[in-house]
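Visitor: So the protein sequences, as listed, match chains X and D. For the first sequence, the UniProt record's numbering gives the first residue as 1, with consecutive numbering after it. For the second sequence, the UniProt record's numbering gives the first residue as 1, with consecutive numbering after it.
Protein chains: 2
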Amino acid sequence: MSEAFEAADVQTMAAESSVSSRLLELAEPANEVDRIYSEIFDAVIDHRLLPGVKLTEAVLCDVFHCSRGTVRAALARLAHDKIVELLPNRGAFVATPDLKETRDVFEARRMVEGAILDKLLTLPDLPLRLLPLRQMVEEERAAFSRKDRVTWIRLSNAFHVQLAKLADNEVLTDLMRSLASRTSLIIALYDVPGRSACSFDEHDRILASLEARDRAGVLDAMNHHLQDCERRLRFEDDGMQADLRAVFNLKR
Amino acid sequence: MSEAFEAADVQTMAAESSVSSRLLELAEPANEVDRIYSEIFDAVIDHRLLPGVKLTEAVLCDVFHCSRGTVRAALARLAHDKIVELLPNRGAFVATPDLKETRDVFEARRMVEGAILDKLLTLPDLPLRLLPLRQMVEEERAAFSRKDRVTWIRLSNAFHVQLAKLADNEVLTDLMRSLASRTSLIIALYDVPGRSACSFDEHDRILASLEARDRAGVLDAMNHHLQDCERRLRFEDDGMQADLRAVFNLKR
DNA sequence: CGCACAAAAATTGTTAACAATTTGTGTTGA
DNA sequence: TCAACACAAATTGTTAACAATTTTTGTGCG
């Protein structure tokens, strides 16, 4: 019964021109499978595809005008990223991270982003490299005030990835991309949209402390930013109910 | 002309019973594609498959008694892990990380493993949990003295993954697994086997400092361990020559 | 009315075949 | 002898079809 809806939902995903792969500086999709991977990836982190949604292979073939082999390869990689869950003989679903995974992701973020900031503080031309980030935060603010939720979410994630990029370490950048995408999934599931604190203010504070080379200040700002984000989450729905709930919320 | 050799090389890989996926605590291969993924993954980190080796799909099908679709899915995931390189229309090769990637991997390891150790120091029942690691180091030493190179390499990697597991954070464990596998690839390429310092002594030192809850000592031990490892590498061959050289060395 | 059971539809897992591209070989001509 | 060209073999990219499993639908019975 939910088929018609889900198919339609997936189709809007393809219609929307995807700039977020540019923003997150993903490699240009050379392959067909890379293209589909990026497309689904972007849709998930943009909250255009919500956790728990079934990703039927046939529908995806239809949307992206390709064969099932291609779709399956893309889904396998997304599963490896923990962006989708792959149940044997049952299909692919947008992943629904639980409480434990949430803790792990945020703890890892505190560790990794802390280490990244520590390295950034040693860079000589830091203020110059921070300029594009300043602009990015401005765009964030603009998107928020004009209620462009998708762009806002996109930029919030991109901010952290761009920050990682400044450390000039591809391993850390890829890791940050992965952590950001999983965080986006977590927020889609558990964040109460009512009191979403405007993250761009916190981003601003991070940049300010960085420019002042205030080590304690930056680390504090980042930790508070992440902790605020984590504390905003509500896990009242237990386990398997959550994804069903999300799907129903979407429907009406 | 090199076909016969490479095919034979790949076949030895399947013959050897793979315990390393158990050692590294990978999820049990439920799928066919998971099985093949693990098999190739293990072969690469065990140095049974060396960097630059071509992974022809047909040969892999033959070895693992499965179809090309399965092989392709596994290769796609390995490529995503940077364990194999996937060139369009040219096929899959065991990856050959370069100097930049080496720097990035080791820097990331210093950051992540440092953070992990910091967390471990806060655990109340640390000494108890350290016991299995002590035993693992003993096995390392035993494997080294009986010149069982494959087991030794396996255990050296497993040590760091097990250490990460103590932190009880799946994100960090997965990350450590990824970093360890890439490091193994780097060592296969650039390490001069002559003066390979016995890493188990350094592992021992890390455990001792951990048990004594000597924060500065552990961090120092780990950093030295990683720096020693990185310093042993030799990059005299530049760029694309390296993989060719490795393949030729293998052949005669 | 609800539960258990059975048939049908839909979806995934796997394999085989075909098309496109690249790599290797052999021939010709200067 | 060497370079360029053309042809042949091998390998990858893609699609379609079939088999196995799951989910849904429909029916009968208590």
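Beta carbons: idealized from backbone N, C-alpha and C, even for Gly. None of the values given here were measured: they were computed from a predicted structure.
Taking only runs that begin and end inside the region 87 to 120 of chain X, name each unbroken alpha helix (DSSP H) of 4 or more residues, in chain order.
Guide: If we require 4 residues or more, the alpha helix (DSSP H) runs fully inside the region 87 to 120 of chain X come out as 99 to 120.
Visitor: DSSP three-state call for X:Glu236: helix, strand or coil?
Guide: coil
Visitor: Rounding to the nearest angstrom, what Cα-Cα distance links D:Ala76 and X:Val171 in this structure?
Guide: 18 Å
Visitor: Does the beta carbon of X:Val218 come closer than 8 Å to any beta carbon on chain D?
Guide: no
Visitor: Could you pull the DSSP bridge partners for X:Asp191 from this structure?
Guide: Beta-bridge pairing links X:Asp191 to X:Leu233.
Visitor: Whole angstroms is fine: what's the gap from D:Gly114's alpha carbon to X:Asp220's?
Guide: Between the alpha carbons of D:Gly114 and X:Asp220 lies a gap of roughly 19 Å.
Visitor: Which class does X:Leu55 belong to by DSSP, given the choice of helix, strand or coil?
Guide: strand
Visitor: Count the C-beta pairs between the region 47 to 58 of chain D and the region 81 to 94 of chain D that are closer than 8 Å, then say yes if the count reaches three, no if not.
Guide: yes
Visitor: Rounding to the nearest angstrom, what Cα-Cα distance links X:Val44 and D:Asp125 in this structure?
Guide: Rounded to the nearest angstrom, the two C-alpha atoms are 40 Å apart.
Visitor: Using a Cβ-Cβ cutoff of 7 Å, what residues of the region 170 to 190 of chain D are near chain X? List them in chain order.
Guide: Cβ proximity to chain X below 7 Å picks out Glu170, Val171, Leu172 and Leu175 from the region 170 to 190 of chain D.
Visitor: Name the DSSP bridge partner or partners of X:Val84?
Guide: Answer by DSSP bridge pairing, in chain order: X:Val94.
Visitor: Compare the C-beta of D:Asp62 against all C-beta atoms of chain X and say whether one is closer than 8 Å.
Guide: It does not; no Cβ of chain X falls within 8 Å.
Visitor: Whose C-beta lies closer than 7 Å to the C-beta of residue 253 of chain X among residues of the same chain, with five residues either side of it excluded?
Guide: Residue 253 of chain X cannot be examined here, being either before or after the span of chain X that is shown, 1 to 252.
Visitor: Are the region 162 to 181 of chain D and the region 104 to 114 of chain D touching by the rule of at least three beta carbon pairs closer than 8 Å?
Guide: Judged by Cβ distances under 8 Å, the region 162 to 181 of chain D makes contact with the region 104 to 114 of chain D, as three or more pairs qualify.
Visitor: For X:Arg129 versus X:Leu166, is the C-beta distance shorter than 8 Å?
Guide: In this structure, X:Arg129 lies near X:Leu166, with their beta-carbon atoms less than 8 Å apart.
Visitor: Can you list, in chain order, the residues of its chain whose CB lies under 6 Å from that of X:Ala74, leaving out five sequence neighbours each side?
Guide: Val33, Ile36 and Tyr37
Visitor: Please state whether DSSP places D:Arg48 in a helix, a strand or coil.
Guide: Of the three classes helix, strand and coil, the one that applies to D:Arg48 here is coil, per DSSP.
Visitor: Taking the beta carbon of D:Val71 as the centre, do at least 16 other beta carbons fall within 10 Å, making it buried, or is it exposed?
Guide: buried
Visitor: Just checking: is the beta-carbon of D:Asn89 within a distance shorter than 8 Å of some beta-carbon in chain X?
Guide: No, no contact with chain X.
Visitor: Taking 8 Å as the cut-off, decide whether the C-beta atoms of D:His47 and D:Ile153 are in contact.
Guide: yes
Visitor: Find out if the Cβ-Cβ distance for the pair D:Phe64, D:Glu85 is shorter than 8 Å.
Guide: no
Visitor: Note down, in chain order, every chain D residue with its Cβ under 8 Å from the Cβ of X:Val33.
Guide: Ala76
Visitor: Would you verify that the beta carbon of D:Arg136 is, or is not, closer than 8 Å to some beta carbon of chain X?
Guide: Sequence check: residue 136 of chain D is Met here, not Arg. It does not; no Cβ of chain X falls within 8 Å.
Visitor: Should D:Ala92 be flagged as near chain X, meaning a C-beta pair shorter than 8 Å?
Guide: no
Visitor: Quick one: Cα of X:Ser184 to Cα of X:Asn157, how far?
Guide: 8 Å
Visitor: Evaluate D:Ser209 with the Cβ neighbour count: other Cβ atoms within 10 Å of its Cβ, from every protein chain shown; 16 or more gives buried, anything less gives exposed.
Guide: Under the 10 Å beta carbon count, D:Ser209 is surrounded by 16 or more other beta carbons and is classified as buried.
Visitor: In this structure, does DSSP put D:Ala142 in helix, strand or coil?
Guide: helix
Visitor: In whole angstroms, give me the CA-to-CA distance for X:Leu163 and D:Lys147.
Guide: 46 Å
Visitor: What number of angstroms, rounded off, separates the C-alpha of X:Pro51 from the C-alpha of D:Gly217?
Guide: 44 Å
Visitor: Drop a sphere of 10 angstroms on the beta-carbon of X:Leu99, count the other beta-carbons inside from all chains shown, and report buried for 16 or more, exposed for fewer.
Guide: exposed
Visitor: With DSSP collapsed to three states, give me the class of X:Ser184.
Guide: helix
Visitor: Is X:Leu123 helix, strand or coil when you go by DSSP?
Guide: coil
Visitor: Going by the CB atoms, is the gap between X:Leu175 and D:Leu175 shorter than 8 Å?
Guide: yes
Visitor: For a contact meaning CB atoms closer than 7 Å, what does X:Glu107 contact in chain D?
Guide: Asn169
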